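Everything below concerns the one structure shown next.
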Amino acid sequence: MQANPTKVDLRVLWITGTLLFGLSMVFLWRDLEVPISALAAVMAVGIAGVSMSRVDRQMPLVAPILMVLLVIGVGGWYAMERDPILLAPLGVCLAASLGMVAREPRDARTPEEQVRRVAVWYGMVLAALAASWATYFQLVTLRFPGDEARRLLLTAAWMVVGVALVVGARWRDRPAARDAGFAFLAAGVGKLVLYDTSHLFGMVRIAELAGAGAVLLAAALLAGRVGMRAEARS
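In this note's numbering, the protein residues as written are 7 to 240.
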């Protein structure tokens, strides 16, 4: 069977154009001495553009998987180098991930759609965790190094987002949002138990643990009521 010439032509053009674009980035870094960390922002913008183009409809797994890999790479890079330029690509990844989540259809019927859903939602979680942590470190930790109570800020933010997603998922019957919410909660509780409690002391530590417990108990009550209302509505 002969291959469709149109598809072959498109693949050749896409592959060649991508390689030339990548080569231009190499010379941009080498000839103009642009910081290599700035190229991560260019890559993030490129992937964000792909996620909003027809390519995303034709190859639905490409943009989400590239986004996940870029977030992991840039987040790890920032953890090692603490380069503030890397906040830009993390912000772009977060915005693009939120856009993909907003455009994600309600139902995933085929295996490809199910894989995409996992990549889109967990890509958003990774982007949000990485971007929020890097921003927190750059704008809060470095400016207020002696203020131990600042550690509560990021933990509280992750837990509030997690609770909002879990409760919202119960109301709208969105299992993917529920899973994402529990991922945020796991990150918040993990940071609280494994990191915050070893760096905080006295009433601050006691208040953080009690406050987090109260938030989770309130979330359980609220999610139960919302779930009953959603079932009655359906």
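Idealized CB from N, CA, C, for every residue including glycine. Just so we're clear, the structure is a prediction, and the values are computed from it rather than from any experiment.
### Message
Check this for me: beta carbons of methionine 165 and valine 199, under 8 angstroms apart or not?
### Response
no
### Query
Quick one: Cα of methionine 7 to Cα of alanine 108, how far?
Confidence at methionine 7 is low in this model, with a pLDDT of 45, below 50, so its placement is unreliable and the value that follows should be read with caution. Taking the straight line from one Cα to the other gives about 40 angstroms.
#### Entry: Own chain residues within Cβ distance below 6 angstroms of alanine 225, not counting five before or after
Val169
### Proximity of glycine 129 and valine 77 at Cβ, strictly below 8 angstroms
yes
### Query
Taking the alpha helix (DSSP H) that aspartate 185 falls in, what are its first and last residues?
181-197
### Query
Taking the alpha carbon of leucine 159 as the point to measure from, which residue in Trp127, Thr141, Leu26, Pro70 has its own alpha carbon closest?
Thr141
### Query
glutamate 119 lies in the alpha helix (DSSP H); which residues open and close that run?
117-142
### Message
Please identify the residue among Ala175, Leu132, Ala182 whose C-alpha is closest to the C-alpha of alanine 114.
### Response
Ala182
### Task
Please report the residue range of the alpha helix (DSSP H) in which threonine 161 lies.
157-178
### Query
In three-state terms, what does DSSP make of alanine 218?
helix
### Query
Taking the C-alpha atoms as reference points, what is the distance between glycine 55 and glycine 105?
11 angstroms
### Message
Using CA atoms only, rank isn't needed, just tell me which of Leu227, Ile91, Trp20 is closest to glutamine 64.
### Response
Trp20
### Task
Put glutamate 39 into one of helix, strand or coil per three-state DSSP.
coil
### Task
Under 8 angstroms by Cβ, that's how I've got arginine 176 and valine 232 pegged, so tell me the actual separation to the nearest angstrom.
5 angstroms
### Query
Do the stretch 144-153 and the stretch 95-102 meet, that is, are 3 or more Cβ pairs less than 8 angstroms apart?
no
### Task
List the endpoints of the continuous alpha helix (DSSP H) containing alanine 101.
93-109
### Message
Am I right that alanine 189 and valine 131 are in contact with their C-beta atoms under 8 angstroms? What's the rounded C-beta distance?
### Response
5 angstroms
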